[in-house]
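In my numbering, the protein residues as written are 679 to 1249.
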C-alpha cells in the first residue's frame, strides 16, 4: 500500500524473542480507557485508513480534513473532520472516549472490538455503511515449502495484531481446510505470530518476520510488500529484499470480497445525531458515484489524496494504485449488505468470521452487532448505481488461455482455491434448478466471495462406452469419434450448468459475472477412476462408474495473469 522498504541489517536479531498477541484479551489490556458519554454534535469526527476505499470520504470532504465548501458533504449540510488512524487499538480508545464516535474497520476487526464495546449500551456498535472490499490490496505470501493451500495445515502465519487482514486470514483458512479435505489430508489450525506494525519490510511487521525468520511459513501483508518478497508477484529470487521461492499463495485479488470494510457508530451518538448521520451516508453514496466518474475522466486530485492517506503529496501514483486495489459497493452494495439473504450480507459474513476466529482463539466468543437498518436507496437520493450488472470483469479469451496453460503445465491443482462437484445421471443433459438448488447456492456463494478468481466449469463424461468399444476391437477412427463426441457432450453440460447457476443467482437477486466462468469439455480425459495405460481405468463398482459423471467447478487464483482480469474500479 505505501512505499516499499527493504530489510535492515540485523533484523533477525532485532525481532528475535519478541512476543505479541492479537486476541480479545490482549485488546482489552491495550485499550484501558474510561468511557465517556456522546451527545449531539455539530461536527462528525471520522477516521480514515490508508486504503483506496478512503478516497470516497476524502472526495466527499473536498480532499480536506475539514469539510470544504461545495463538497458533497457540504451539499448535505454535514460537517466532517477526517483524521488518519490505521491502528484498531487507537481507533477504539478514541471511540470509547467519544473523541471519534465512528470507527472505520473491517468486519473481523469489528467483532474483535465488540469485546470492549458490547457491554455498555452507550458504546454498542451500530453498523451504518459498507465502503466495499480489498480487491488485490492484501496477500498471503508463503515459502516454497507451501505448494498449495492445503499445506497451511499446522503452518506458522505472521500478521499484525488486530489487523484488517484478519478477514483474509479467515477466507484463507476456510479455503485451505476445504482443499485439505479434498486431498484427504488431516487439518491442524495454523499457529499465529503477531507483530506490532503492518506495512513495510523493516521494523516489527509480518513482512519483516517472514524475511528474517524461516520458521515463519506465511505472512499476511499488503500487496506492495508481497511484490517485494516475491520479486514482483512471481517467485522470489532472494535478491532485492525478496525471499527465495516465496510466492503469493492467496490474496484479495482472488478472494475479492473477503475483506468487508465498514463504518460503525456508537449507539448513543446515533440516538443523538440521527439526521446528521443520514446526511453523512447520503454524502458518501453520492461521492462514491461521482468519484468513479472523476477517476475515468482523469480529474481526481491524487496529490491531495496522497497527502492525506500517505503523508506525501509527491507519491500521487501510489495513491492512485490504492484505488486500483479496492472495490467500492455504493448504493446497491449497501442494500445487499443490509439484506437478510444475500450471500455477503452483514450478518452472514459475521457468522462465517466467528466460526473461524473463535476456534482459533482470536475471538473469545461470537458477538452480534446490529445494523442501522437504513433504506440506502432512499438515502442515495437518485444515485444511479447499475454499472456493475452488465460489465464483464474478465477477458474470457485470456482467462481460457490461462486455464489451458496451467492445466498443460500441471499447475492447475496448486492454483485451485475451491472445488465443487455436481453429479448427473447417465444421458442427462439438463440441470433443473429445483433439483440442484443446494449445489447452485454453494457455488453462487463462492463466486460472490472469490470475485477475482476464474471459475472453470469442467464437463466430464462416462468412459464406459468407449472402453467397451475399444475392447471389442473398434478402429482408431471410431475411437477418435467417440472421444470427440464425449468432449462435445461434456462441454454442453458445462455450459448448461453455468447458465443454470447464473439464472439461479438472478432469482436470488445476486448478480454473477458470466465472464468469470470458463467452460471446458474434458470428455473422459480426467476420470475420477484414474488413467490406466493411457486410457480411463475401467470402473469396478457402480459407485466408481457414477463418480465419472460430473461437472466440476474450480475457483482458480489469478495473480500474475493480470491480462485476464480487470479490477472493478478500473471500469
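Even glycine gets a Cβ: it sits at the ideal position worked out from N, Cα and C.
Residue j beta carbon less than 8 Å from that of residue i
i, j, result
"residue 1027", "residue 938", "yes"
"residue 766", "residue 837", "no"
"residue 1035", "residue 770", "no"
"residue 1140", "residue 1227", "yes"
"residue 709", "residue 804", "no"
"residue 839", "residue 936", "no"
"residue 705", "residue 772", "no"
"residue 1054", "residue 1082", "no"
"residue 1000", "residue 730", "yes"
"residue 753", "residue 725", "no"
"residue 1175", "residue 1229", "yes"
"residue 808", "residue 989", "no"
"residue 1116", "residue 1231", "no"
"residue 901", "residue 817", "yes"
"residue 1071", "residue 1194", "yes"
"residue 1049", "residue 1138", "no"
"residue 893", "residue 820", "no"
"residue 751", "residue 738", "yes"
"residue 980", "residue 994", "yes"
"residue 831", "residue 866", "yes"
"residue 810", "residue 931", "no"
"residue 1178", "residue 1109", "yes"
Residue i: first and last residue of the uninterrupted alpha helix (DSSP H) it sits in
i, result
"residue 954", "952-975"
"residue 1168", "1154-1185"
"residue 851", "844-860"
"residue 866", "Careful: residue 866 lies outside any alpha helix (DSSP H) and carries neither H nor E."
"residue 673", "Nothing about residue 673 can be read from this structure; the chain reaches only from 679 to 1249."
"residue 1121", "1115-1127"
"residue 985", "980-987"
"residue 1190", "From DSSP, residue 1190 is part of no alpha helix (DSSP H); its letter is neither H nor E."
"residue 1089", "No alpha helix (DSSP H) contains residue 1089, which DSSP labels as neither H nor E."
"residue 753", "750-753"
"residue 1224", "1220-1225"
"residue 707", "702-708"
"residue 1041", "Taken as a continuous stretch (DSSP letters only), residue 1041 belongs to no alpha helix (DSSP H), as it is neither H nor E."
"residue 1059", "Residue 1059 -> no alpha helix (DSSP H), and no H or E assigned at all."
"residue 1149", "1142-1149"
N-terminal and C-terminal residue of the beta strand (DSSP E) that residue i is part of
i, result
"residue 1098", "1094-1101"
"residue 759", "757-762"
"residue 933", "Element bounds for residue 933: n/a, residue is neither H nor E."
"residue 926", "925-929"
"residue 725", "721-726"
"residue 1009", "No beta strand (DSSP E) contains residue 1009, which is instead part of the alpha helix (DSSP H) from 1008-1015."
"residue 737", "Not the beta strand (DSSP E): residue 737 falls in the alpha helix (DSSP H), residues 733-738."
"residue 1134", "1132-1138"
"residue 872", "869-873"
"residue 1230", "1228-1234"
"residue 1200", "1195-1201"
Any non-hydrogen atom of the ligand ADP closer than 7 Å to residue i Cβ
i, result
"residue 1029", "Ligands displayed in this structure: none; no statement on the ligand ADP is therefore possible."
8 Å contact criterion, which residue i and residue j should meet: CB distance rounded
i, j, result
"residue 1127", "residue 933", "6 Å"
"residue 1142", "residue 1217", "7 Å"
"residue 1234", "residue 1134", "6 Å"
"residue 895", "residue 878", "Not a contact, Cβ separation roughly 20 Å."
"residue 850", "residue 928", "5 Å"
"residue 1196", "residue 1077", "5 Å"
"residue 1145", "residue 1213", "7 Å"
"residue 702", "residue 1042", "5 Å"
Say whether the region 849-860 touches the region 822-839, bearing in mind that this needs 3 or more beta-carbon pairs closer than 8 Å, one atom from each stretch. Contact between the region 849-860 and the region 822-839 is established, with three or more Cβ pairs separated by less than 8 Å.
The region 1088-1097 touching the region 1047-1058, judged by at least three CB pairs closer than 8 Å: The region 1088-1097, when compared against the region 1047-1058, does not touch it at the 8 Å Cβ threshold.
Are the region 783-799 and the region 865-885 in contact at 8 Å, needing three or more beta carbon pairs? Cβ pair count under 8 Å is below three, so no.
Is there contact between the region 947-954 and the region 710-730, where contact requires at least three CB pairs shorter than 8 Å? yes
With three or more C-beta pairs closer than 8 Å as the rule, is the region 733-745 touching the region 951-962? yes
Where in the region 769-807 do unbroken runs of the beta strand (DSSP E), each at least 3 residues long, occur, reported from the N-terminal end onward? 780-784
Quick one: any contact between the region 966-973 and the region 837-857, if contact means 3 or more CB pairs under 8 Å? no
Enumerated in chain order, which unbroken segments of the beta strand (DSSP E) with a length of 3 residues or greater are wholly contained in the region 878-924? 896-900
Touch test, the region 921-932 against the region 896-910, Cβ-Cβ under 8 Å, three pairs minimum: Counting Cβ pairs under 8 Å, three or more are found: they touch.
Every unbroken alpha helix (DSSP H) inside the region 813-842 [4 residues or more]: none
Taking contact to mean 3 or more Cβ pairs, one atom from each stretch, closer than 8 Å, check whether the region 1013-1023 and the region 1182-1189 are in contact. yes
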